[in-house]
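Colleague:
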Amino acid sequence: MLSFDRLSKTYADGTHALASIALDVGRGEIVALLGGSGCGKTTLLRLIAGLDRPSEGAIRLDGEAIAEPRADVGVIFQEPRLFPWLSVAENVGFGLSHLSAFEREGLVTNALVRVGLAGHEKRWPRELSGGQQQRVAIARALVTRPKLLLMDEPFSALDATTRASLHGHLLALWQESRPTVVMVTHDVEEAVTLADRIIVMQPKPGRIFDELDNPLARPRDRLSPAFEAAKREALRALDRSLRDEAPHQEKAAETAGMWW
Amino acid sequence: MSVLEIANALDEPERRPAAPHRSYGLAIAGFVLPIVLAILWEWLVAAGIANGRLMPPPSVVGRTLWGLAASGELLTHAGATLWRVGAGFGLGALAGTVFGAVTGALPVARSLLDPTLQALRAIPSIAWVPLFILWFGIFEASKVALIAAGVFFPVYLGVAAAIQGIDRKIVEVGRVFRLSRLAMVRRVLLPAILPDWIVALRSGLGLGFMFVVAAEIMGASEGLGYLLVDGQQLGRPDSIIAAIISFAVLGKLADGLLVAITRPFLAWQDTARDKL
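Chains as they are written, first to last, in the UniProt record's numbering: chain A, 1 to 260; chain B, 1 to 276.
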């Protein structure tokens with residue numbers, strides 16, 4: 001459904017953010033991009049969202065190359081990015097302006113119920129906590145029923161309890177229409193909790209290091225041995241991805257030493 | 001703390017239960033010093049310790065103000081002044097907003113226009129008066145032009161800075177929802193700059209009142225500024241002080257009106273109440 005073809009991205013300042021990414025994502029699959037900082041996870045997500053253009057290669061969604069944001073792709077950013085001048089309901093309904101007020105209200109109310117914010121329709125974003133704001137952002141992205149949902153570390157700024165409850169909300173919403181999900185995370189447990197497949201990435205330039213299948217049945221029990229095993233496997237892969245990178249760092253340290 | 005703010009504080013007792021009481025107390029505190037000074041001066045003059053010719057006591061100023069109001073003169077003068085400020089502010093604010101929006105949004109326009117406008121800004125607006133009189137005559141047009149020039153710059157600067165300061169992240173959300181250029185302006189950019197725009201309008205309005213005085217002092221047959229000059233020429237400080245008080249009241253009312261009109265649009269703001 002979503003395919004990357006020798007995808008590369010070099011920024012104007014020469015930063016080689018992504019090199020030859022090749023990947024296929026199936027319909028309804030949840031894929032987590034896992035990796036340390038600077039491995040191009042966010043860049044990759046922005047390319048899929050159509051917010052940036054690839055330098056080489058292409059991303060295809062159902063065979064169509066992505067060049068700009070699409071109506072059937074929803075994005076949840078690292079920050080809630082709500083419009084502070086719109087009420088909670090207006091924020092959620094932002095992408096539904098083509099519908100009648102009645103239809104919009106129905107969808108918005110339903111989406112807010114799903115994220116546990118029923119009754120908060122008329123409040124301003126500033127009156128909500130960080131976790132509530134991010135839930136509004138999730139509702140806003142999902143209310144348009146996208147067939148592809150992109151998430152850029154959407155829970156990284158939240159505490160562990162809030163994060164766990166949001167994972168639940170997200171999976172409940174996902175069950176409804178089963179969109180394909182590509183999410184960026186640096187949290188191994190989050191990747192194992194949510195994803196069907198974990199793509200471990202490696203920096204400088206950003207590339208795919210390893211792919212792990214995560215066949216655990218949902219709902220996943222965080223305390224089960226299978227979950228622990230999957231988590232350990234993902235951690236090991238992440239570790240290896242960072243160790244392989246180590247020689248670069250030593251070289252950098254040497255150069256830094258020469259500077260003295 | 002003004003009468004208007006007290007009124008607003010009292011309007012919203014539910015949302016901020018503690019505020020009305022505190023605001024009220026503070027407002028009283030603000031009145032203490034001027035009232036004590038006024039009573040003191042009144043007493044000094046009444047007791048014959050000060051003569052009060054150059055600085056008339058409050059009772060005399062009050063009587064003059066009442067006399068002006070009763071004869072309808074005050075209304076004529078205040079009306080003339082308000083009309084000038086209104087017309088000048090309207091023109092200046094409109095031009096400032098348009099130019100600010102254009103230079104803020106288009107880099108080409110910014111490099112073309114902004115240096116010239118900044119250079120013009122460096123000219124004290126009063127310096128335009130002789131030229132404006134030659135161009136527009138000695139009547140209303142030159143006064144309105146001066147006020148408009150004074151209002152233009154703060155509005156222009158405020159709008160341009162606000163547009164450049166719009167958060168890229170929030171614009172990106174607009175892009176994700178595939179807003180057209182027009183929809184982006186209407187649904188994202190305009191609401192985002194609204195608070196800064198209103199602040200710019202308020203400082204513009206303040207300057208408008210400053211320049212109307214300058215314009216009227218330099219030659220007018222009516223208006224509160226005329227009342228100032230008239231009081232000076234006739235040696236009537238009471239009339240000057242009456243005009244000054246009228247200016248203060250009008251300025252504050254106009255500002256309060258602007259705030260009151262725009263307040264509903266800023267209810268979402270985190271700091272709205274503290275800022276305005």
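No residue lacks a Cβ here, since even glycine has one placed at the ideal position from N, Cα and C.
Against W83(B), what residues of chain A qualify as contacts under a CB-to-CB distance less than 7 Å, listed in chain order?
Modeller: Those within 7 Å of W83(B) in chain A number zero; the least Cβ separation is about 34 Å.
Colleague: With respect to the alpha helix (DSSP H) encompassing S242(A), which residues constitute its N-terminal and C-terminal limits?
Modeller: Checking the displayed sequence, the identity of residue 242(A) turns out to be Leu instead of Ser. Start and end: P225 to R243.
Colleague: With a threshold of 6 Å on Cβ separation, who are the neighbours of H169(A) within its own chain once the five nearest residues in sequence on each side are excluded?
Modeller: If we look at H169(A) and ignore the five residues flanking it on each side, its Cβ neighbours are V115.
Colleague: How long is the line joining the alpha carbons of D221(A) and F227(A), rounded to whole angstroms?
Modeller: Approximately 7 Å between the Cα atoms of the pair.
Colleague: If you pair each beta-carbon of the segment 28-36 of chain A with each one of the segment 201-217 of chain A, do three or more pairs fall below 8 Å?
Modeller: Taking 8 Å as the limit for Cβ pairs, the verdict is that the segment 201-217 of chain A does touch the segment 28-36 of chain A.
Colleague: Strictly below 7 Å CB to CB, what residues from chain A border V173(B)?
Modeller: Chain A residues near V173(B): R81.
Colleague: Considering only residues of the segment 42-83 of chain B, which uninterrupted alpha helix (DSSP H) runs meet the minimum length of 4 residues and lie entirely inside it, listed in chain order?
Modeller: List check, alpha helix (DSSP H) in window: 58-71.
Colleague: So G208(B) packs on F89(B), CB below 8 Å; how close in whole Å?
Modeller: That belief holds up - the Cβ atoms of G208(B) and F89(B) are roughly 4 Å apart, short of 8 Å.
Colleague: Just the C-alpha distance for R263(B) and G131(A), rounded to the nearest angstrom, thanks.
Modeller: Rounded to whole angstroms, R263(B) to G131(A) spans 29 Å at the Cα level.
Colleague: Which partner residues does R10(A) have in the DSSP bridge list?
Modeller: The displayed chain sequence assigns Thr, not Arg, to residue 10(A). Partner(s): H16(A).
Colleague: Provide the residue(s) that pair with R60(A) in DSSP beta bridges, ordered along the chain.
Modeller: S3(A) and A65(A).
Colleague: Give a yes or no on whether 9 Å exceeds the smallest Cβ distance from R70(A) to chain B.
Modeller: At least one chain B Cβ lies under 9 Å of R70(A).
Colleague: Could you tell me whether any Cβ in chain B is nearer than 9 Å to the Cβ of R240(A)?
Modeller: No, R240(A) does not count as interfacial toward chain B.
Colleague: According to the Cβ coordinates, are F77(A) and D187(A) closer than 9 Å?
Modeller: Against a cut-off of 9 Å, the Cβ pair of D187(A) and F77(A) comes out as no contact.
Colleague: Examine the Cβ distances between the segment 138-151 of chain A and the segment 174-187 of chain A and report whether three or more of them are shorter than 8 Å.
Modeller: The segment 138-151 of chain A, when compared against the segment 174-187 of chain A, does touch it at the 8 Å Cβ threshold.
Colleague: Which runs of the alpha helix (DSSP H) fall wholly inside the segment 141-198 of chain A and span at least 4 residues, in chain order?
Modeller: For the segment 141-198 of chain A, whole alpha helix (DSSP H) runs of length 4 or above, ordered along the chain, are 160-177 and 188-194.
Colleague: Please decide whether P264(B) counts as near chain A, where near means a Cβ-Cβ distance under 9 Å.
Modeller: Answer no: the Cβ-Cβ gap between P264(B) and chain A never drops below 9 Å.
Colleague: Using only CA atoms, which one of L227(B), Q233(B) and L258(B) lies nearest to L201(B)?
Modeller: With distances taken between Cα atoms, L201(B) lies closest to L258(B).
Colleague: Would you say residue 261(A) faces chain B, with C-beta separation under 9 Å as the test?
Modeller: Only positions 1 to 260 of chain A appear in this structure, which leaves residue 261(A) out of reach.
Colleague: Are the beta-carbon atoms belonging to A162(B) and G104(B) less than 9 Å from one another?
Modeller: Result yes, Cβ atoms of A162(B) and G104(B) sit closer than 9 Å.
Colleague: What's the C-alpha gap between L45(A) and A191(A)?
Modeller: So the alpha carbons of these two residues sit roughly 16 Å apart.
Colleague: If you measure from the beta carbon of V73(A) to each beta carbon in chain B, is any gap under 9 Å?
Modeller: Yes, V73(A) lies at the interface with chain B (some Cβ there is under 9 Å from its Cβ).
Colleague: With 9 Å as the threshold, decide whether the Cβ of F77(A) is near any Cβ in chain B.
Modeller: So yes, F77(A) belongs to the interface.
Colleague: Decide yes or no for the touch test of the segment 116-123 of chain A against the segment 74-94 of chain A: beta carbon pairs closer than 8 Å, at least 3 of them.
Modeller: A contact exists between the segment 116-123 of chain A and the segment 74-94 of chain A.
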